[in-house]
Amino acid sequence: MNEKEERKAGIMQYLGMGLFITLTAVIALMLAAPFEASDIKAFQNPESLWNPIYFFILIIGFTALILIVLKFGGEKLIYLIMLAAVAVTIYYVVDGLLLYYHVAAVPLHGFGSGLNVGALAITLILTLLLYKYPEWYVINTTGLIIAGGAAAIFGISLIPELVVLLMIILAAYDAISVYKTKHMVSLAESVIDLRVPILFVLPRKRNRDFSTLKGIEMGDAFIMGLGDAVIPAILVVSAYVSYPSVVPALGALAGTLVGYSVLTRFSGKGKPHAGLPFLNTGSITGFLIGLLLIVHNI
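Residues in the sequence shown are numbered consecutively from 3, following our numbering.
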């Protein structure tokens, strides 16, 4: 691949990740109403100051658990747990969408309140593909469903003020875990080898066999954690359900993309970079600008 082709491939990777950020927010917005109607929430009191603390503790605990288990050779156990968690998440996301929009909402009775046949079929297909053929496009497709679902659930479970607080905390944590302790880099390297949808992956060559990638080979693939798309999208959803105007939500999304464009100026230079300091700053700034616009009726 010559220099011109390399540059073009790099641009396409950056645009692709920007598309994933946008699609995560769009999917989350589509899921917000179905989840609210079904009362699928992470926290019953969206205004509780403890919610961001619980969220942060959950992230710390989950990260620590994975790193400890992997250190003692538990790759298979982590893989099976993650695969099961992915399957459950896909089912609930697809089930909520199908039932709310009355598409293929055929229940399979005899299993508690009933299983949705359409959602079950999609879940089984995607899970089987992940298990048998975990190529980058399969991982990205399931990753979008999971990211959109997570952003929707937490977006409707937190008021915007608490989301902003959470984003500030997570931006600081991301910077420390990538540049100081580097444990997030270790986690990413381990997870990509497990081939589970916790990362978005875009290879430089579309026909590149993902199974040949080991660790974070930045020259071969552009990699972004799902959290980099999920956290800003939480603010987009929270703003959308909290205000009568869509302007703050649109501002948050636009600001996220501006932050991402700044991030791309630093990424791809041979070492991992913390995304949330850039993405969250942009998202919060865009949200605040949008809020000012509706407050002053501009």
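Idealized CB from N, CA, C, for every residue including glycine.
The residue among ARG9, ILE13, GLN15 and ALA27 with its C-alpha nearest the C-alpha of ASP230 is ALA27. Within the same chain, LEU131 and LEU132 come within 7 Å of VAL140 by CB-CB distance, once the 5 residues on both sides are set aside.
In the three-state DSSP reduction, ASN299 falls in the coil class, being neither helix nor strand. Taken through DSSP and simplified to helix, strand or coil, PRO205 comes out as strand.
Here ALA35 is not near TYR81, since their CB atoms are 8 Å or more apart. In the structure shown, LEU117 adopts extended strand secondary structure according to DSSP, grouped into three states. Contact annotation: the region 182-190 does not touch the region 240-258, with fewer than three C-beta pairs closer than 8 Å. With a contact defined as Cβ atoms closer than 8 Å, ILE23 and TYR245 miss out at about 21 Å. By the Cβ criterion, the region 118-132 is not in contact with the region 71-78, since fewer than three pairs of Cβ atoms, one from each stretch, lie closer than 8 Å.
Within the same chain, and ignoring the five residues on either side of VAL166 in sequence, the residues whose Cβ sits closer than 8 Å to its Cβ are LEU237, ILE286 and PHE289. For GLY227, DSSP records a beta bridge to LEU201. By the 16-neighbour rule on beta-carbons within 10 angstroms, GLY63 is exposed. If you look at GLY76, you'll find it isn't in any alpha helix (DSSP H); DSSP assigns it neither H nor E. Taking the Cα positions, LEU60 is about 21 Å away from LYS182.
Bounds of the alpha helix (DSSP H) holding LEU168 are 162-177. In the three-state scheme derived from DSSP, where H, G and I count as helix and E and B as strand, GLU38 is classed as helix. Counting the other Cβ atoms within 10 Å of the Cβ of ARG9 gives fewer than 16, which makes it exposed.
Its chain contains THR26, ALA27, ALA30 and ALA153 as the residues whose beta carbon lies nearer than 6 Å to that of ALA235, once the 5 sequence neighbours on both sides are disregarded; these appear in chain order.
If you draw a straight line from the Cα of GLU137 to the Cα of GLY145, it comes to about 12 Å. DSSP, read as helix, strand or coil, puts ALA276 in coil. Only exposed fits LEU294, as fewer than 16 other CB atoms lie within 10 angstroms of its CB. With respect to ILE148, PRO199 sits close: the two C-beta atoms are nearer than 8 Å. Under the criterion of beta carbons closer than 8 Å, ALA190 and LEU172 do not qualify as touching, at roughly 16 Å.
A Cβ-Cβ distance of about 6 Å is found for the pair PRO279 and ASP176, placing them in contact under the 8 Å criterion.
In the three-state reduction of the DSSP assignment, GLU137 falls in the coil class, being assigned neither a helical nor a strand state.
MET169 and THR283 have their C-alpha atoms roughly 8 Å apart. With at least 16 other beta carbons inside 10 angstroms of its own, GLN15 counts as buried. ILE42 and SER192 have their C-alpha atoms some 31 Å from each other.
Per the coordinates, the alpha-carbon of TRP52 lies some 21 Å from the alpha-carbon of ALA66.
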